[in-house]
Amino acid sequence: MGKQYIGISEYFATGEGVTYVIASGTEAQIRAFAGDYFSIGLAFYSFEDIKHALSQSEELTEDLVMNDTRLRAAYVLRTHLPSVVQFIKQIGFATFSYKCHYNLS
Numbered sequence: 003m004g005k006q007y008i009g010i011s012e013y014f015a016t017g018e019g020v021t022y023v024i025a026s027g028t029e030a031q032i033r034a035f036a037g038d039y040f041s042i043g044l045a046f047y048s049f050e051d052i053k054h055a056l057s058q059s060e061e062l063t064e065d066l067v068m069n070d071t072r073l074r075a076a077y078v079l080r081t082h083l084p085s086v087v088q089f090i091k092q093i094g095f096a097t098f099s100y101k102c103h104y105n106l107s
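All residue numbers for the sequence shown refer to our numbering, where the first residue is 3 and numbers rise by one.
Laid out in structure tokens, this is it:
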């Protein structure tokens with residue numbers, strides 16, 4: 003099995019809304035879940051990087067994460083999947099996939 007990552011894509015488009023794709027696994031597994039379109043914007047983080055970013059601050063804010071993509075990924079993960087964050091912090095790597103789309107226009 004290849005190296006395990008957490009992949010995150012944040013897609014924003016006027017009139018189309020917002021789509022988040024968050025998944026774990028190998029790069030190929032994450033890209034397969036995201037699909038061709040959302041794979042373009044995927045960023046991959048090692049499990050160790052995400053775990054470290056999650057432990058850096060319990061109070062990750064928008065201001066803190068704007069210039070650090072690793073912290074931004076931890077912030078998005080904590081916002082959308084708090085139970086996964088708790089699992090990662092307490093037990094370790096987990097396999098998961100999440101896709102959320104909303105349009106407020």
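Using N, Cα and C, we set each Cβ at its ideal position, and we do this for glycine too.
Remember, predicted model here, so these are calculated numbers, not experimental data.
The three-state reading of DSSP puts phenylalanine 35 in helix, counting H, G and I together.
For alanine 25, the enclosing beta strand (DSSP E) begins and ends at 19-27. Lysine 91 sits in a helix when the DSSP states are folded into three classes. About 15 Å separates the CB atoms of phenylalanine 40 and isoleucine 8; that is not less than 8 Å, and the two are not in contact. Assigned with DSSP and collapsed to three states, serine 85 falls in helix. Here threonine 21 is not near histidine 82, since their CB atoms are 7 Å or more apart. Of all alpha-carbon atoms in Lys5, Ala55, Thr71, Ile24, the one lying nearest the alpha-carbon of phenylalanine 98 is that of Ile24. For serine 107, no alpha helix (DSSP H) segment is defined, and its DSSP state is neither H nor E. Only residues of its own chain outside the window of five on either side were considered, and among them Gln6, Ser26, Phe49 have a CB closer than 8 Å to the CB of phenylalanine 95, listed in chain order.
According to DSSP, residue pairing for isoleucine 8 in a beta bridge involves Ser26, Tyr47. Classified as buried, alanine 76 has 16 or more neighbouring CB atoms from the shown chains inside 10 Å of its CB.
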